[in-house]
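Here is the structure we will look at.
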Amino acid sequence: MSKPTVVQCPQCKKDVVWSEDSPFRPFCSKQCQMIDFGEWADEENTIPGAPDMSDSDGWSEDNY
Ligand SMILES: [Zn+2]
-9 MSKPTVVQCP QCKKDVVWSE DSPFRPFCSK QCQMIDFGEW ADEENTIPGA
41 PDMSDSDGWS EDNY
């Protein structure tokens, strides 16, 4: 038998066995997977959200 493939969790660098036992691979756990997912989801959200916020901010400050 060959040795199981082991990868490192991109979040916490823990060893993760690449097998059916690790449904969140390459992450060690759902938590690490969600952290990674949340990071890119945040970036997606700031693109349409940020200009909108600064626009209304500048508008109200101009009004003062
Ligand atoms: Zn992890």
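Residue numbers (our numbering): -9 to 54. Just so you know, even glycine gets a beta-carbon here, dropped at the ideal spot from N, CA and C.
Cβ distance (whole Å) where residue i is taken to contact residue j below 8 Å
i: residue 14; j: residue 0; result: So it is not a contact: roughly 11 Å between Cβ atoms.
i: residue 6; j: residue -2; result: 7 Å
Cβ of residue i within 8 Å of any chain B Cβ
i: residue -1; result: Looking at the structure shown, chain B is missing, and only one protein chain is on hand.
Same chain only: Cβ atoms within 7 Å of residue i, ignoring 5 sequence neighbours per side
i: residue 9; result: -6
i: residue 2; result: 18, 22
i: residue 12; result: 6
**Message:** Just to be sure I understand the criterion: a residue counts if its Cβ is closer than 6 Å to at least one heavy atom of ligand 1. Which residues meet that?
**Reply:** -1, 1, 2, 4, 17, 18, 19, 22
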